[in-house]
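Here is the structure we will look at.
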Amino acid sequence: VTGIAQRLGFLLDTGLGYLTLDRDYATLSGGEAQRVRLATQLGMGLMGVVYVLDEPSVGLHPCDNERLLRQLQELRDRGNTVIVVEHDEDTMRLADELIELGPGAGTEGGEVLFQGAPADCQKLPAKTSQTGAYLSRKLRVENDAGNKQPTGAWLTVREAREHNLKGVDVKFPVGLLTCVTGPSGSGKSTLVNDILAAAAARKLNGAKSLPGAHRSIENLDFFEKLVLVDQSPIGRSPRSNPATFVGLLDLLRALFAQVPLAKVRGYKASRFSFNVRGGRCERCQGDGVIKLDMQFMADAYAPCPSCGGKRFNRETLEVMFHGHSISDVLDLTVREAIKLFRNIPRVIDKLETLDAVGLGYLQLGQPAPTLSGGEAQRLKLSLELSKRQQGETLYILDEPTTGLHWVDIQRLMDLLFKLRDAGNTVIIIEHNLDVMNLADWLIDLGPGGGKSGGELIYAGPRDGIAGESRSLTGQALKRWAGAETAR
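Under my numbering, the letters of the sequence shown match residues 1 to 487, in that order.
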C-alpha cells in the first residue's frame, strides 16, 4: 500500500491529479505523457542519471507548474543532471544554469548567446539577449491595440455538463478576445473544444460530429464561419509541407511555368509538382527520400539515390528563377524566400504572413511529419490570415503559445488583436500569464482539476480576477503582477 500511495503521490506532484487511473495512454497529450514518464522516474529513486525534458510545462497551469518544478529540483538534489528545453519564465528563473541560443531561429540561430546564472542574463542589454531583456522586464509582451469592452452581444453556452462540467452557463463576449483559463483538468478543453467548437462546426461548417452534453448554445447566428486552430498535423506525408498547405506552391509552380526556358519546352505548371508524373523524380515519386524497411525497428529514410533528395528530375531542375530551381526554392527558409520574391506581390503576401506568425525560420518544403504541434497550429493561423478578412468569424485556439519565445508571443498577440479589430471573435485556451494579462475578457474554470473542477469561478475583465479568492488563476496573476511591479 505504501508503494502505491507513493507512486500516486508522484502523479499528483507532477500535476496529473485530474487523470483517472484507467485512462488510455494513447489519449494523453504530449505534455501529460511526458509528466507520467517523469513521475515514473521519480519513483525509481535513481542517482547519477542525465534527464532531458522538452518543454515539460506544456499544458500546465502556473499552480501545477510550481509542483513540477519542485520535482525537477528533487531529481537534481538526488545527484542527477536535469536538462530542460523551456520557454517558461518560472523554469528559467529557477535554473542553476541558463543557456540561450540565437540570435534568431533556423539559419539565423545556432549561436550560444549566453551561459550562466539567470540573474546575470537579466543584466544584459536587449540587443545581446532578448531572453534576459524579457526576464528583467526591459521588454514586455504588450497590447498596442488596447482592450475592448463587451458590446452587449454574447455567445452563450447553457448548462454545460460534459465530463466534469457541473451544468455551467458561460457567456463569451462577441467581438472580443477571450482567454479561457483554469488548472489542468478543470474543463477548459471540454467546454471550448468538445461543446462550443463542436456545436459551431456542426452549425456553421456542416460537420457531422456531435457536441458534448449541454442544453443549448445561443447566438451562433452572429457568425458566418468557425476557424478552429489546433495542433493536429497538417499532413502525414513527406509531400505535405508549409508551401503546399498555405497554397504557396501553386503560385510558385505558375511562376516557374512562365520562365522562358519552361515556355520553350512547353512546360505547364503541373511540371513543377511532385505529386504527378512528368517533372518529379519517379524513383522516389517526388518524396525525395526512400523508405528503408527495418523489420523489427522503426522505418528509416535515406535520400533518393536518383535525385539526391531534390524530388524532381534533371530536366525540371534546369528551369531557373533568378538562379534557383524549384527544388532550391523549397529548400529556402521563409525569410530567405522573402528576399528572392520581394517583387512578386501574391507570393510575398503569403511569405510575410508566415513570417508574421513566427515561422520565418521554416523551410518552405519541410516535410509535414517533422513539424511540431505549435508549428502546425501557426501554419493554420497563417492560412486564415492570408485570406480576405470579412469579420463575423469565430476563431478558437488551443494553447497557441506552445513552443513560443516571448518575441513570438508578441507577434502572435499582435495578429490575434488584428483579427479582433477586423470584427471577429477570438477565444483562446491558455496558461500563459502574459496572454491572460492582455486579454479583453477572462473565463476561469476550477477551482481544481478533475472532480474538483468544472465550475465557473470567474468571468469578466482581467483586472477583477485577482479579487476572486477561489481562483488559482487570479492568485497566479496577482503574484505575477506583483513581481512585475517589483522589477
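The C-beta atom is built at its ideal place from N, Cα and C for all residues, glycine as well.
Sub-9 Å separation of residue i and residue j beta-carbons
| i | j | result |
| --- | --- | --- |
| L438 | A459 | no |
| G279 | F272 | yes |
| D96 | R76 | yes |
| S129 | V246 | no |
| F274 | R314 | no |
| A39 | T14 | yes |
| V334 | F256 | no |
| A269 | A254 | yes |
| A337 | L359 | no |
| D421 | A145 | yes |
| I428 | V141 | no |
| T181 | T425 | no |
| N241 | L364 | yes |
| L419 | Q390 | no |
| I217 | L155 | yes |
| L124 | P150 | no |
| P56 | L72 | yes |
| L477 | M413 | no |
| I396 | A197 | yes |
| Y25 | G185 | no |
| D54 | V82 | no |
| S29 | V52 | no |
| F321 | V264 | no |
| E89 | L433 | yes |
Residues that DSSP places opposite residue i in a beta bridge
| i | result |
| --- | --- |
| I443 | V180 and A459 |
| A300 | L292 |
| G102 | E111 |
| I429 | V180 and D398 |
| S216 | R158 |
| K380 | Answer is none; K380 lacks a bridge partner. |
| Q363 | T333 |
| P173 | W154 |
As assigned by DSSP and simplified to three states, the class of residue i
| i | result |
| --- | --- |
| P529 | An answer regarding residue 529 cannot be provided, because it is not within the stretch 1 to 487 covered by the chain. |
| A422 | coil |
| R271 | helix |
| E392 | coil |
| R225 | In the sequence under discussion, the amino acid at residue 225 is Lys, which differs from the Arg named in the question. The answer is strand: DSSP assigns K225 an E or B state. |
| P345 | helix |
| V82 | strand |
| V276 | coil |
| V264 | helix |
| V435 | helix |
| V168 | strand |
| G3 | helix |
| G449 | coil |
| Q410 | helix |
| A207 | coil |
| E375 | helix |
| C63 | helix |
| E282 | coil |
| Q475 | helix |
| R70 | helix |
| K188 | helix |
| G482 | helix |
| R253 | helix |
| G464 | helix |
| A488 | Limits of the chain in this structure are 1 at one end and 487 at the other, which puts residue 488 out of reach. |
| P369 | helix |
| D230 | coil |
| D13 | helix |
Interface flag, residue i vs chain D, CB-CB below 9 Å
| i | result |
| --- | --- |
| V334 | Chain labels in this structure do not include chain D; a single protein chain is all it has. |
Contained alpha helix (DSSP H) runs [length at least 4] in the segment 112-162, N- to C-terminal order: Taken in chain order, the complete alpha helix (DSSP H) segments of 4 or more residues contained in the segment 112-162 are 118-121 and 130-135.
Three or more C-beta pairs under 8 Å: does that hold for the segment 232-240 against the segment 466-479? Using a C-beta cut-off of 8 Å, the segment 232-240 makes no contact with the segment 466-479, since fewer than three inter-stretch Cβ pairs fall below that distance.
Contact between the segment 164-180 and the segment 41-53 is defined here as three or more beta-carbon pairs at a separation below 8 Å; is this criterion met? The segment 164-180 is not in contact with the segment 41-53.
Just list the alpha helix (DSSP H) runs in the segment 15-60, keeping only unbroken ones of 4 residues or longer that don't cross its boundaries, in chain order. Counting only runs of 4+ residues, the alpha helix (DSSP H) found wholly inside the segment 15-60 occupies 30-44, in chain order.
Report the residue ranges of all beta strand (DSSP E) runs contained in full by the segment 309-347; include only those spanning at least 3 residues, in chain order. Correct list: empty.
Does the contact criterion of 3 or more C-beta pairs under 8 Å hold for the segment 106-118 versus the segment 399-414? At 8 Å Cβ cutoff, the stretches do not touch.
Evaluate contact between the segment 205-221 and the segment 442-451, counting only Cβ atoms and requiring at least three cross-stretch pairs below 8 Å. No: the two stretches stay apart, fewer than three of their Cβ pairs being nearer than 8 Å.
Validate contact between the segment 182-198 and the segment 156-164 using beta carbons, cut 8 Å, 3 pairs: At 8 Å Cβ cutoff, the stretches touch.
Pairs of beta-carbons, one from the segment 371-383 and one from the segment 218-232, closer than 8 Å: are there three or more? Output reads yes: the segment 218-232 touches the segment 371-383.
Pairs of beta-carbons, one from the segment 130-137 and one from the segment 82-93, closer than 8 Å: are there three or more? Judged by Cβ distances under 8 Å, the segment 130-137 makes contact with the segment 82-93, as three or more pairs qualify.
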